[in-house]
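First comes the structure, then the notes that go with it.
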Amino acid sequence: MSGGVEIPVVVSDIEQATPTVRRFRLTAASGQPLPHFAAGSHVVVMMESGERIIRNAYSLVDRAEDGSSYSIGVLKTRDSRGGSRFMHERVEVGSRLKISMPVNLFPVFAPGRRHLLVAGGIGVTPIYAMADELKRQGADYEIHYAVRDEAHGAFVGELRERHGDRLTLYRSDLSEVLAVREILPGQPFGTHLYVCGPQGMIDAVLEGGREAGWPKEHLHSEHFQAPPSGDPFSARLAKAGITCEVRSDQSLLEALEEAGVDAPFLCRGGACGQCEVAVVDADGELVHNDHYLSEDERSSGRKIMLCVSRLKGRELVLDL
Ligand SMILES: Cc1cc2nc3c(=O)[nH]c(=O)nc-3n(C[C@H](O)[C@H](O)[C@H](O)COP(=O)(O)OP(=O)(O)OC[C@H]3O[C@@H](n4cnc5c(N)ncnc54)[C@H](O)[C@@H]3O)c2cc1C
Ligand code: FES
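The sequence shown begins at 0 in numbering that gives the first Met the number 0 and counts up by one.
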């Protein structure tokens, strides 16, 4: 795959962390230690589902001390287009999968004076790894974690055990609200904030930070949610002379892969820029779902990110 090297792994343990989240331990099939990763990294997990190959990004929660395994936490999403359902329903102990090398688009800013880690729901996976890394470094940090209720809060017990009163939990069933206006004031200059969770929460936290006058370089976020499906369209590759159909429930990148095109990617979530392609022509509106292009680049209509964006129209011609 064009995410680079593939690492074969065996699922060595599965824990039902909450009614909807499973933690999978992925052990290197080779018996060799898995690469070290910096907190905030994810891997792309490749799942063979009959004829279809599903590739989803999952943040790395931890690496065993001896390097033999990683763990990931996967939420079973409602109306899944396949990947999280596959992980929950088809993967069992002993299953063989392939993963990419770890990629980090959400790193901890090491020189930061203080670190505010903010998680909502499954957004806790990179935050878990960040908190462990900061603890190891003896850094100053706080964890703010919003959950539906204690039973649906993945890894709450472990976070409490490892980080004690550095963890503040917000339970919706108790009407506890993570109010960004309350946690931002009074933080020393040089504090960095990291947020991962539902889109609405990320937007509110970043907006709160900007309103409070925080420099944008101190506000870090990662988005998990894949964009909604859209209408089908055709993608014509001008150089390769190939045309493929993009179904409503698949990304442009997936349609190209299905047609045998080895397109580059790293995050498959519209954040890294790796899958950017020049648009030669489009007979409709480009639906940009990425977090990478600037407003000017989007409105120019000359670039598209294959992993998340699509066309609302009939035919898109790409410089590929
Ligand atoms: C960097 C990163 C880290 C992540 N870490 C975690 C984690 O730790 N735990 C976790 O549970 N989830 C994580 N996710 C989300 C995860 O990758 C999946 O999106 C999630 O599991 C849901 O996948 P799904 O296949 O079940 O369903 P859906 O969300 O329904 O679909 C995802 C699929 O939609 C496709 N798609 C993308 N854009 C379009 C489009 N415009 N039109 C149609 N289809 C499209 C994608 O190719 C993907 O296969 C992460 C995502 C990213 C980007
Ligand atoms: S693969 Fe990262 S933006 Fe598309």
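Even for Gly, the Cβ is constructed at its ideal location relative to N, Cα and C.
Item: Beta carbon of Ser68, beta carbon of Thr124: below 7 Å?; Value: no
Item: Among the candidates Gly120, Phe188, Ala118, Gly156, whose CA atom is the shortest distance from the CA of Pro110?; Value: Phe188
Item: Can you find the residues in the same chain that come closer than 6 Å, C-beta to C-beta, to Ala211, ignoring five residues on each side of it along the sequence?; Value: Leu183
Item: Among residues of its own chain, excluding the 5 on either side of Gln198, which ones have a beta-carbon nearer than 8 Å to its beta-carbon?; Value: His222, Gln224
Item: Would the C-beta of Cys243 count as close to ligand 1, meaning under 6 Å from any of its heavy atoms?; Value: no
Item: For my contact list, Val20 and Val73 are in at a C-beta cut-off of 8 Å; report their separation, rounded to the angstrom.; Value: 7 Å
Item: Using DSSP with H/G/I as helix, E/B as strand and the rest coil, what is Asp172?; Value: helix
Item: Tell me whether Val60 sits in a helix, a strand or coil according to DSSP, three-state version.; Value: strand
Item: Using a Cβ-based criterion (distance less than 6 Å to any ligand heavy atom), does Arg246 qualify as near ligand 2?; Value: no
Item: Which two residues bound the contiguous beta strand (DSSP E) that contains Ala145?; Value: 140-146
Item: With DSSP as the reference, please indicate the residues paired to Val316 in a beta bridge.; Value: Arg235, Asp280
Item: Is the CB-CB distance between Leu173 and Leu236 below 7 Å?; Value: no
Item: Is it buried or exposed for Gln136, if we count other Cβ within 10 angstroms and need 16 for buried?; Value: exposed
Item: By a C-beta neighbour count over all protein chains shown, 10 Å radius and 16 as the cutoff for buried, is Asp261 buried or exposed?; Value: exposed
Item: Is Ser40 near ligand 1, judged by its Cβ being under 6 Å from some heavy atom?; Value: no
Item: Between the alpha carbons of Phe85 and Gly185, how many angstroms are there, rounded?; Value: 45 Å
Item: Starting from Gln15, follow its DSSP beta bridges and name the residues at the other end.; Value: Arg21
Item: For a test of the three-state rule: what should DSSP assign to Leu205, helix, strand or coil?; Value: helix
Item: State the Cα-Cα distance for the pair Ile71 and Val278, rounded to the nearest angstrom.; Value: 36 Å
Item: Give me the Cα-Cα distance between Ser250 and Leu305, rounded to the nearest whole angstrom.; Value: 7 Å
Item: Could you give the distance in angstroms between the alpha-carbon of Ala150 and the alpha-carbon of Gly120?; Value: 11 Å
Item: Suppose you measure from the CA of Arg147 to the CA of Lys75; what does that come to, to the nearest Å?; Value: 15 Å
Item: Ordered along the chain, which non-local residues of its own chain (more than five positions away) have a Cβ less than 7 Å from that of Glu175?; Value: Tyr169
Item: Is the segment 263-275 close to the segment 302-316, with three or more CB pairs under 8 Å?; Value: yes
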